[in-house]
Each structure stands twice: as C-alpha cells, then as structure tokens.
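Down below is the structure, laid out as structure tokens.
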Amino acid sequence: MEVIEKIVKSSCFKRKKPEFEFSLTAEAAAKNWLVLKKYKLNVKDALEAQKSTPLGYGSEFRSPSVLEPLFSQHPNWSHLKDILHHGSVWHLEDIDEETRMLDLEEALEFGNHKGASEQPELLTELTVKDVDYGFALPLKRSTIKLIPGVCMAPVNISPQYTINEFGEIVPKDRLTHDQSYEWGSGTSVNNRVKEETLLTCPFAHSLRRFINYVVALRRKYPNCRIYCCKVDYKSAF
149 MEVIEKIVKS SCFKRKKPEF EFSLTAEAAA KNWLVLKKYK LNVKDALEAQ
199 KSTPLGYGSE FRSPSVLEPL FSQHPNWSHL KDILHHGSVW HLEDIDEETR
249 MLDLEEALEF GNHKGASEQP ELLTELTVKD VDYGFALPLK RSTIKLIPGV
299 CMAPVNISPQ YTINEFGEIV PKDRLTHDQS YEWGSGTSVN NRVKEETLLT
349 CPFAHSLRRF INYVVALRRK YPNCRIYCCK VDYKSAF
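Sequence positions in the sequence shown follow our numbering and run 149 to 385.
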C-alpha cells in the first residue's frame, strides 16, 4: 500500500499542445497534412516529435520509472514498459507495394460498412468523439495515397450496452475498425500479424473459472446481490 500511495502522490508531467489539430474540419485536415509534410510524410517521426504532448506513448500513465516498484514482479512488466516507451508494435507479414496500392484503391472505393454508412449522423457524432479524444487524425481523402505504407480498414457501428451512473443497463453505440476485413489481395491487418511475435496469454481460461465462481456464489447465496469490480490501469495510474 505504501508503494501505491507513493505513486498516487507523485507529480505528473504537464503536457504541451501537439502540432496536430484534432477537430473534424477541412482546416484541421489541411494543417495536419502540412505537419506530416514537415516530417517528410513519416508518421513515426511525426509522432516521435510529439513526445511531450498527449500523443506521446504512455502519456496517459505515470512514467515507467515511477510504476516499476509496483509492477516489476509482473511477468509481463518488460513488455508493458516497452509499450509505455515505444507504443504497441504489431509485426506484420510484408505485402508488395503493388498489392498494397490495389487494396488501398479498393478501400477508398468501398468506404465503410453499411452499419456505418447508413447512419451518417451517428457516424459523424462518433467520429467527432474519436477525433476530440485524439484517437483519430483528420486528413483529406486526396492525401491518403501519398502516405508511405498506409493501409485502410472500413468502420462499422456496433450496438452494445453499458451501465450508467445509476446502475441501469443502457444501449451504447460503438465505432469499430474492421481490421479483419480482407481486400482483393485476400489480406487484412489481422491475418498479416505474425502470431509467433504475440505475447503469450496465460489467463485464457480465467473467464471460465470466473463464471464457475459466480455460479457457485449464486448457489450458496441465492438471495444476495453479487458485486464485481473492474478497474482499468489507466484510470488508476
């Protein structure tokens, strides 16, 4: 508890404003293109230059050096620390440039899934939210093919449920990026991932054990309310 208390009381780095503009407007898209051109259209270099802004890798968390006393014994700490320093890296199988450009042309012509394209107002609302939070970078459609190595995936809108502040189950629409959608080449981002480079999942059966535990609790305490707590790391640290 002393370690956690020390982490919570530690000061946080004050972030600067990024060079990119996060608003869904033509002006923002034009400005963002100029920023990319400043870094010779190298997205990685452009992001590296934003380390002191909210775009910096791990900016939602306290620094790894502050968190290490708490997480150093975790079997995946070295991997987590690498993500906090360098972002999440997914190793993909290469595709040749001609194939990539054909897929990109197809993606631009295809657009989004019907669940999104047939709800334009909701799509705009959810996209604006993503942009406002810095999850999406506005660019003009005409510039996409000029970015080296870029790939695209259609979006869709998935109806889900969440719990509001009163504990009520309410509907919620979520914008999803279909990284499993295969273009003419038969490839997608997901099926190009090199599985041998993925982190081993040691908790694959934990959900089954958790469900069995809930069932056992209900049998033992049939008239009691069962509580479950879920905490995100980013909310805590």
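Each residue gets a CB set at the ideal place from its N, CA and C atoms; glycine is no exception.
With 16 other Cβ atoms within 10 Å as the buried cut-off, status of residue i
i	result
Leu294	exposed
Gln221	exposed
Ile292	exposed
Pro370	exposed
Pro286	buried
Gly386	For residue 386 there is no data in the structure shown, the boundaries of the chain being 149 and 385.
Ala364	exposed
Ala352	exposed
Leu323	buried
Asp193	exposed
Asp251	buried
Beta-carbon gap between residue i and residue j smaller than 8 Å
i	j	result
Gly332	Glu254	yes
Val341	Trp181	no
Ile317	Tyr329	no
Ile305	Leu270	yes
Leu215	Pro296	no
Thr275	Ala284	yes
Phe170	Gly282	yes
Leu218	Ile152	yes
Ser200	Lys154	no
Ile374	Arg366	yes
Phe288	Ala176	Residue identity differs from the one stated: residue 288 is Lys in this sequence, not Phe. Not closer than 8 Å, so no.
From the options, residue whose alpha carbon lies closest to that of residue i
i	options	result
Glu167	Lys186, Lys157, His353	Lys186
Pro202	Lys162, Ala364, Ser236	Lys162
Glu344	Glu241, Arg357, Lys378	Glu241
Asp326	Gly263, Leu355, Arg289	Gly263
Val279	Glu150, Lys157, Thr173	Thr173
Gln198	Pro212, Arg210, Ser211, Val183	Val183
Arg106	Cys349, Asn260, Ser158	The requested residue 106 is not part of the displayed model; the chain covers only 149 to 385.
Pro223	Leu347, Arg367, Glu153	Leu347
Asp321	Ile243, Glu150, Ser213, Pro307	Pro307
Thr247	Pro268, Ser336, Glu208	Ser336
Ser207	Trp225, Met249, Cys160	Cys160
Asn339	Ile243, Ser226, Leu355	Ile243
Ile359	Val156, Cys376, Pro319	Cys376
Within-8 Å CB hit, residue i to chain C
i	result
Glu196	Among the protein chains of the structure shown there is no chain C, as only one such chain exists.
Legend entry - Cβ contact (3+ pairs, closer than 8 Å) linking the segment 300 to 311 and the segment 229 to 240: no
Inset, instruction - May I have a chain-ordered list of the alpha helix (DSSP H) segments no shorter than 4 residues that lie completely inside the segment 330 to 373? - result: 337 to 340, 354 to 368
Inset, instruction - Report the residue ranges of all alpha helix (DSSP H) runs contained in full by the segment 194 to 224; include only those spanning at least 4 residues, in chain order. - result: 212 to 219
Inset, instruction - Any chance you could list the alpha helix (DSSP H) runs of at least 4 consecutive residues sitting entirely within the segment 264 to 336, in chain order? - result: 268 to 280
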